[in-house]
Every structure is written in structure tokens, then in C-alpha cells.
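There are 2 protein chains.
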Amino acid sequence: MARTRHVIAVDVGGTETKAALISGVGDAGPGRPPTTLAQRRRPTRPTGDAVVEDVAALVADLRAAGPHPVDAVGLVVPGIVDEPTGTGVYSANLGWRDYPFTKNLEAATGARVAFGHDVRAGGLAELRLGNARDLRNAVIMPIGTGIAAALVVDHRVIDAPGEIGHVDVGHPDPCGCGQTGCVEARAGSAAIARRYGERANTRVSGAAEVAARLRAGDPDAAITWHEAVDALAKGILLVAALLGPEAVVLGGGLALAGPLLTDPLTRRLDELVTFQRRPELRLAALGDEAGCLGAALLAINMLEET
Amino acid sequence: MARTRHVIAVDVGGTETKAALISGVGDAGPGRPPTTLAQRRRPTRPTGDAVVEDVAALVADLRAAGPHPVDAVGLVVPGIVDEPTGTGVYSANLGWRDYPFTKNLEAATGARVAFGHDVRAGGLAELRLGNARDLRNAVIMPIGTGIAAALVVDHRVIDAPGEIGHVDVGHPDPCGCGQTGCVEARAGSAAIARRYGERANTRVSGAAEVAARLRAGDPDAAITWHEAVDALAKGILLVAALLGPEAVVLGGGLALAGPLLTDPLTRRLDELVTFQRRPELRLAALGDEAGCLGAALLAINMLEET
Numbered sequence: 001m002a003r004t005r006h007v008i009a010v011d012v013g014g015t016e017t018k019a020a021l022i023s024g025v026g027d028a029g030p031g032r033p034p035t036t037l038a039q040r041r042r043p044t045r046p047t048g049d050a051v052v053e054d055v056a057a058l059v060a061d062l063r064a065a066g067p068h069p070v071d072a073v074g075l076v077v078p079g080i081v082d083e084p085t086g087t088g089v090y091s092a093n094l095g096w097r098d099y100p101f102t103k104n105l106e107a108a109t110g111a112r113v114a115f116g117h118d119v120r121a122g123g124l125a126e127l128r129l130g131n132a133r134d135l136r137n138a139v140i141m142p143i144g145t146g147i148a149a150a151l152v153v154d155h156r157v158i159d160a161p162g163e164i165g166h167v168d169v170g171h172p173d174p175c176g177c178g179q180t181g182c183v184e185a186r187a188g189s190a191a192i193a194r195r196y197g198e199r200a201n202t203r204v205s206g207a208a209e210v211a212a213r214l215r216a217g218d219p220d221a222a223i224t225w226h227e228a229v230d231a232l233a234k235g236i237l238l239v240a241a242l243l244g245p246e247a248v249v250l251g252g253g254l255a256l257a258g259p260l261l262t263d264p265l266t267r268r269l270d271e272l273v274t275f276q277r278r279p280e281l282r283l284a285a286l287g288d289e290a291g292c293l294g295a296a297l298l299a300i301n302m303l304e305e306t
Numbered sequence: 001m002a003r004t005r006h007v008i009a010v011d012v013g014g015t016e017t018k019a020a021l022i023s024g025v026g027d028a029g030p031g032r033p034p035t036t037l038a039q040r041r042r043p044t045r046p047t048g049d050a051v052v053e054d055v056a057a058l059v060a061d062l063r064a065a066g067p068h069p070v071d072a073v074g075l076v077v078p079g080i081v082d083e084p085t086g087t088g089v090y091s092a093n094l095g096w097r098d099y100p101f102t103k104n105l106e107a108a109t110g111a112r113v114a115f116g117h118d119v120r121a122g123g124l125a126e127l128r129l130g131n132a133r134d135l136r137n138a139v140i141m142p143i144g145t146g147i148a149a150a151l152v153v154d155h156r157v158i159d160a161p162g163e164i165g166h167v168d169v170g171h172p173d174p175c176g177c178g179q180t181g182c183v184e185a186r187a188g189s190a191a192i193a194r195r196y197g198e199r200a201n202t203r204v205s206g207a208a209e210v211a212a213r214l215r216a217g218d219p220d221a222a223i224t225w226h227e228a229v230d231a232l233a234k235g236i237l238l239v240a241a242l243l244g245p246e247a248v249v250l251g252g253g254l255a256l257a258g259p260l261l262t263d264p265l266t267r268r269l270d271e272l273v274t275f276q277r278r279p280e281l282r283l284a285a286l287g288d289e290a291g292c293l294g295a296a297l298l299a300i301n302m303l304e305e306t
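Chains as they are written, first to last, in the UniProt record's numbering: chain A, 1 to 306; chain B, 1 to 306.
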């Protein structure tokens, strides 16, 4: 039987960094989920050096929060990530390129570091602990300002970019990535808020407000929402043709809309599907804790493997 | 050290079935490729029962062709395949649905059967023995009448449909699958021949003749070819965003065009790429033997695992 490990898990987000002291065992099955013993949050500062400095301070703080020595640190970051070498290859928002996170954080903390990608780690947590536990092939897709996916094939999160937010689904709108037609340019939460605002000539606080106006019968909200659903459906169908997932597990802020999102998305998929298996739609279970839990699993798995 | 195995490999194609008696060892590395001792070909007859009957006859014939007892049969078929259960889920051309190939061929031959998908098995052969040997993430994409791909992630062919021929790349043409905009509807070899014929108001024998006319400066051939290349490039970019392959290995009849295909495809990818890593383009090494070699590897791997 696997040992109980004590790890510090850190999820570096675009605006906020979450850290947690977590205990758990390798190969955590249902009924033996990791336990979060303490949590911390702080704003994220750009550049790799600032992130390592702040994460090292969080690690020192959380080391003092529990009675056990810490066995390892799990760190997940956004952007393009090279997991085997522990490198943050690129983040436009946070300003790094080929930054050696594992090496520098190990030097700053003296702890062993497991390094990964935030979306893939969150997907790993949904796969092991959340709403994808029974799935062999799945797409776990958090929808926030950005849209990306963890791709599960044969019960494993594969090491692949999963940039479903940046596949061209045929609409004419430009995207920040340089392409036109991206899923994210119509279905990302910031795009939904911006596009509704332009259409209704007003300002809204975010996609949740657009959802509220949709519930209240606002026709501009209905059009904006329909265009978002259409882009999501077309992106999901592309992935279905290539990877054949049994289910798409929707997470992130937009999934808080629940059936307001999944009902029209199911209908649109049914309209568009031809030869593909239409994947079941599910909502993610772990909310914004998925990234930290996934980082903890990466750290525990690293300890089990060595 | 792994034992040398003697297997019969069968690749059921849409029009022709190829079979071979092959000897090899598990985990065949460079320098220890499988050896083909005898080969047979015959036309493919539709329906699962006819395929099993004909394959059993080929197996009996090849069993008599070599001095060693045969350890197993590897069978690969087109269409939608469920490898773990040994089932041919669906083939429009060959007329089966949920047909139990492994069970029925084992009953007909008395041999153990390893069952797989023709494109994925061909990709496995390119990965272990051909032009993808050094690649960690790759797309191995035979282009014939149909277009599909074996998807390689972390040195493994993943168990996924890989239907890159049926992703929507935004053109208005209908496809036999029921969608519009499919890669195959512009870049499949039958589509190239048909679309050239319509444009030039003539008949050609196939895509190779369109390629010959392109070399000779025919402007209708140039337009048809350019549209095929454009569809292929957009399909490859979708896969690049999701899976990040280092290279795309092009096979099948259309890849016999060589630089006439890869040069404009490289240029078009360079024009379209934004954030994605532009995959290297390569030509497959194994030609139409890839499917049989892959079927042999499936059989040898099955024997090694048990």
C-alpha cells in the first residue's frame, strides 16, 4: 500500500496564485481523495523570477502550517509548458520564455519539484478525483477568458497542447492569437462579455452577467450566447473526429451557467453531428481547486515513481 | 532477449486484401526489422463473414508456405474499429456493423488473433520501423481516396479515430460523410481526380494524372492542387493546435507526388501558422506494406504481453 505523502501544491493563474498543503496517497482512488490541510492565495506577479520568488514564500509559509515535513512541491503554470524538462516555454500574459521553473524553484526551496501545465493538471484531477473518473477517452475543458483542454486517451492525460480555443471554426472574427475563427474569440468568457457589450451598446461585468440577461429574455444576450454555443459545438466536433471522447467535461467560470450552457450545446451538437460519436456533456466537479489538486497529484506521482 | 515469432499479417483494404508470413521479435528496433517470408494478395469481398472466410483461406495458404508453426495472426481492417473487443464497429464500404472479427477468425483458424485498425497499424509500423522512429509526437497520415491519421503521442499510437479527413476546414463542398468542408472532399485522391475532371471538363485516371498535368503546366491542375494543399494545411494546423506533433508523415498514393506535394504544403503552412509549432513534413517509408507490417507488430506485441 502506498505511503501518505505531504506535498505543497501551487497553481499559478493569470491573476491569482493558489497554494495548498495537501496530504494524500499515490494512485488515489475514490474514497481516498487528497486532503487539503491549509490554503493560501496571493496575486500573481509577472515574470518567471517573480513567480519563483512568490512561490518560494508560499512554500515556506505552508511548510510551517502543518506538523509533517513536506515531501515535494507540485507547481503548475499556464501557457506553453515542457513538462519533462520543467520549462515554462512561453506565457504571453506572465512574460516568460524558456524559463527553468523546476530548476529555479528547487534551488529556492530545497524541495523536489514536480512541474506541469495548469489545464492538464486540472484535467488530471477531474480524471482521478472528479467527474471524469469513469471515462476512458475524454476532453476536460475549462472555459474562462481562455479556453484549452486536457485530452484524456485510454485513462491518461496526454502530453499535448490541447489548444481547442484556437482551432478555426469558420466565423470571421479575429483572435488575439493571430488567426480568425477561433473558438475562444466567440466562446471565451471575456469575448462573450465584450461581444454582448458591443451588440447592446453597454458594458457588463462578465459572461455571468450576460447569462443573467439571457435568463431575463434579453435578445442581444441570446444572440451572443448562441454564437458562443455554436463555436463551442464546432470545436468539440473537431476533437470528436480526431479523438472520439466519450464525454466533454466543461469547467471554468462559464460552466457555472450549468444547463443554460449544456442544454443548447447538446442541441447544437445534435444538429451538427454526422459520423462522429456525439460526446456526452458533463460539468466539472472540482471548480477552481482542480489546478491545485492536480499539482498535488503530480507531486505525489513523482514521489511514487522514484 | 525476445523470442523470434512467426506470424501471419493481414491488411484488409477497401479493394484488396494483403497477407504476409512475417518473422520478427518484439520491440523490434532499427536493425532488427521483421522479415517478410511470403506474401499473398486477393480482392476484398464485402461483409464480415466473407472477409473472415477469405482471411482464413489466406492463413491456411501461408501456414503451408513456411517451415515454422505460426504463433498468431494479426488482422487490420478499415472503418471504425474497437480494438480491445476485437470488433469491426462500422465500415460503409465493406458492409459490416459490430462484427466480431477476433472471435470469428480465431474460430475459423484456431490461431490467436490480434486485431486493429488499418491506419493506426500502418502508423505503428512507421513509428517502429519507418520514418517516424525518432518522433515523440507525430501524425502519420496516409492520403488515398480517404484520409485518416495515426496519432502518436509520447512514442505511442493512441487509440483514437484520427479522422483528420473529416474535420471542417471551411470550404463549401459537401462530403460523403454528411458534413461540408471536409479535408477529404478536396484533398482525397478521388476528390482531386473528380474535381479536376469537372473543372477541365475531361476524365482522368486518378490524382497521379492530375499531378502529371500540374508538372506540365496545366492551370486547372494547378488550381485543383492548390485547393487540395490548402485543405490539407488547414487540417494539419487543427491537429497541431490540439496535439503539437513534431512532424506529419505523409503516406498513401498522394505522397508519391513527393516534393510536388510537400513543397507547396510547407509554404501554405508557413503562411497560415500563428502560435502553433509548424510541424516538419516527411514522406512515409513503408509504402503499401505499412498495414501488413503493423498487423505483424500487433500480433508480435500480443504474444510478448502474454
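No residue lacks a Cβ here, since even glycine has one placed at the ideal position from N, Cα and C.
Cβ-based contacts, 7 Å cut-off: residues of the region 97–109 of chain B near chain A: none
Start-end ranges of the beta strand (DSSP E) lying completely within the region 213–284 of chain B, minimum 3 residues: 247–251 and 280–283
Coil, strand or helix - B:C182 by DSSP: Counting from 1 along the second sequence, the entry for residue 182 of chain B is found at position 182. Three-state DSSP puts B:C182 in a strand.
Option nearest A:R12 by Cα separation, candidates A:E246, A:G48 and A:G26: Counting from one through the first sequence, the residue named residue 12 of chain A turns up at place 12. Strictly speaking, residue 12 of chain A in this sequence is Val, with Arg absent from that position. Minimum Cα distance to A:V12 is reached at A:G48.
Cβ of A:E163 within 7 Å of any chain B Cβ: As a position in the first sequence, residue 163 of chain A is number 163, starting the count at 1. The beta-carbon of A:E163 is placed less than 7 Å from the nearest beta-carbon of chain B.
Pairwise C-alpha distance: A:A60 and A:F101: As a working note, residue 101 of chain A is residue 101 in the first sequence. As a working note, residue 60 of chain A is residue 60 in the first sequence. The alpha-carbon atoms of A:F101 and A:A60 are separated by roughly 17 Å.
Residue span of the beta strand (DSSP E) that contains A:E294, given as start and end: What you label residue 294 of chain A is simply residue 294 of the first sequence in a count that begins at 1. In the sequence under discussion, the amino acid at residue 294 of chain A is Gly, which differs from the Glu named in the question. Unbroken run through A:G294 is the alpha helix (DSSP H), A290 to E305; no beta strand (DSSP E).
Minimum Cβ-Cβ distance from B:I140 to chain A less than 7 Å: Numbered from its first residue, the second sequence carries residue 140 of chain B at position 140. Answer no: the Cβ-Cβ gap between B:I140 and chain A never drops below 7 Å.
Any chain A beta carbon closer than 7 Å to B:I158: Taking the first residue of the second sequence as position 1, residue 158 of chain B is located at position 158. Yes, contact with chain A.
Identity of the residue in B:Q179, B:L260, B:A240 and B:G235 nearest A:T274 by Cα: Stepping through the first sequence from its first residue, residue 274 of chain A is reached at position 274. Per the Cα distances, B:Q179.
Identity of the residues DSSP links to B:R97 by a beta bridge: In the second sequence, counting from the first residue as 1, residue 97 of chain B sits at position 97. According to DSSP, B:R97 bridges with B:Y90.
C-beta atoms of A:V210 and A:I223 nearer than 7 Å: The residue you call residue 210 of chain A lines up with position 210 of the first sequence. The residue you call residue 223 of chain A lines up with position 223 of the first sequence. Cβ atoms of A:V210 and A:I223: not closer than 7 Å.
Any chain B beta carbon closer than 7 Å to A:T274: For the purposes of this step, residue 274 of chain A is taken as the residue at position 274 of the first sequence. True, the Cβ-Cβ gap to chain B drops below 7 Å.
Given B:A212 as reference, the closest of B:Y196, B:N201 and B:E227 once Cα atoms are compared: Counting from one through the second sequence, the residue named residue 212 of chain B turns up at place 212. Ranked by Cα distance from B:A212, the first of B:Y196, B:N201 and B:E227 is B:Y196.
Sequence-distant residues of the same chain with beta carbon closer than 6 Å to B:T17, five excluded per side: In the second sequence, counting from the first residue as 1, residue 17 of chain B sits at position 17. Excluding residues within five positions, the ones whose Cβ falls inside 6 Å are R42 and T44.
Three-state class that DSSP yields for A:R120 in the structure shown: Taking the first residue of the first sequence as 1, we reach residue 120 of chain A at position 120. Reduced to three states, the DSSP call for A:R120 is helix.
Local conformation of A:G24 per DSSP, three classes: To locate residue 24 of chain A, count along the first sequence from 1; it is residue 24. If DSSP states are grouped into helix, strand and coil, A:G24 belongs with the strands.
Short Cβ contact (7 Å threshold) for B:G294 with B:A125: Within the second sequence, residue 294 of chain B is the residue found at index 294, counting from 1. Within the second sequence, residue 125 of chain B is the residue found at index 125, counting from 1. Yes, Cβ-Cβ distance for B:G294 and B:A125 is below 7 Å.
Given B:T35 as reference, the closest of B:I140, B:K103 and B:H6 once Cα atoms are compared: The residue given as residue 35 of chain B occupies position 35 in the second sequence. Cα-wise, what sits closest to B:T35 is B:H6.
Test: B:G252 CB closer than 7 Å to a CB of chain A: Looking up residue 252 of chain B in the second sequence gives position 252. No, its Cβ sits nowhere closer than 7 Å to a Cβ of chain A.
Beta carbon of A:L269 nearer than 7 Å to that of A:R282: Your numbering for residue 269 of chain A matches position 269 in the first sequence. Your numbering for residue 282 of chain A matches position 282 in the first sequence. Contact flag unset, no.
Residue environment, A:P174, which counts as buried when at least 16 other CB atoms sit within 10 Å: For the purposes of this step, residue 174 of chain A is identified with residue 174 of the first sequence, where counting begins at 1. The residue is exposed, with fewer than 16 neighbouring Cβ atoms inside 10 Å.
Chain A residues whose Cβ lies nearer than 9 Å to that of B:E82: Stepping through the second sequence from its first residue, residue 82 of chain B is reached at position 82. At residue 82 of chain B the sequence reads Asp, which differs from the Glu that was named. Ordered by position in chain A, no residue passes the 9 Å Cβ test against B:D82, which lies about 10 Å from the chain.
Where A:E271 falls, given that 16 or more other Cβ within 10 Å makes a residue buried: As a working mapping, residue 271 of chain A is identified with position 271 in the first sequence. The residue is exposed, with fewer than 16 neighbouring Cβ atoms inside 10 Å.
Sub-7 Å separation of B:A9 and B:C182 beta-carbons: By 1-based counting over the second sequence, the position of residue 9 of chain B is 9. By 1-based counting over the second sequence, the position of residue 182 of chain B is 182. In this structure, B:C182 does not lie closer than 7 Å to B:A9 by Cβ.
Cross-strand partners of B:H6 (DSSP beta bridge): Residue numbering aside, residue 6 of chain B sits at position 6 when the second sequence is read from its first letter. Note: B:H6 sits in a beta bridge opposite B:S23.
Contact set between B:N137 and chain A, taken where Cβ atoms lie within less than 8 Å: Here residue 137 of chain B is taken as the residue at index 137 of the second sequence, counted from 1. Under the 8 Å cutoff, chain A gives D159 and A160.
Within 7 Å, strictly: CB atoms of A:V249 and A:A108: Locating residue 249 of chain A in the first sequence gives position 249, counting from the first residue. Locating residue 108 of chain A in the first sequence gives position 108, counting from the first residue. Cβ atoms of A:V249 and A:A108: not closer than 7 Å.
Buried/exposed call for B:G144, threshold 16 Cβ in 10 Å: Here residue 144 of chain B corresponds to residue number 144 of the second sequence, with the count starting at 1. Flag for B:G144 reads buried.
Residue-chain proximity (A:C177, chain B), Cβ-Cβ < 7 Å: Taking the first residue of the first sequence as position 1, residue 177 of chain A is located at position 177. Yes, contact with chain B.
Cβ distance (whole Å) where A:D134 is taken to contact B:D159 below 8 Å: Position 134 of the first sequence holds residue 134 of chain A. Position 159 of the second sequence holds residue 159 of chain B. A:D134 to B:D159, Cβ: 17 Å. No contact.
Beta-carbon contacts of A:L243 that lie in its chain and below 8 Å, excluding the five residues immediately before and after: Taking the first residue of the first sequence as 1, we reach residue 243 of chain A at position 243. Apart from sequence neighbours up to five positions away, the residues of its chain that approach A:L243 with a beta-carbon distance below 8 Å are N137, V139, L151 and V153, ordered along the chain.
Sequence-distant residues of the same chain with beta carbon closer than 7 Å to B:A255, five excluded per side: Sequence index remark: in the second sequence, residue 255 of chain B carries index 255 (1-based). I143, L261, L283 and A284, listed in sequence order.
Inter-residue spacing [alpha-carbon to alpha-carbon] between A:D263 and B:A216: Indexing the first sequence from 1 puts residue 263 of chain A at position 263. Indexing the second sequence from 1 puts residue 216 of chain B at position 216. One C-alpha to the other measures close to 55 Å.
B:E53 (DSSP reduced to helix, strand or coil): For the purposes of this step, residue 53 of chain B is identified with residue 53 of the second sequence, where counting begins at 1. B:E53: helix per DSSP, three-state reduction.
Chain-ordered neighbours of B:G244 on chain A, where CB pairs are closer than 7 Å: Taking the first residue of the second sequence as position 1, residue 244 of chain B is located at position 244. Listed along the chain, the chain A residues whose CB falls inside 7 Å of the CB of B:G244 are A160 and P161.
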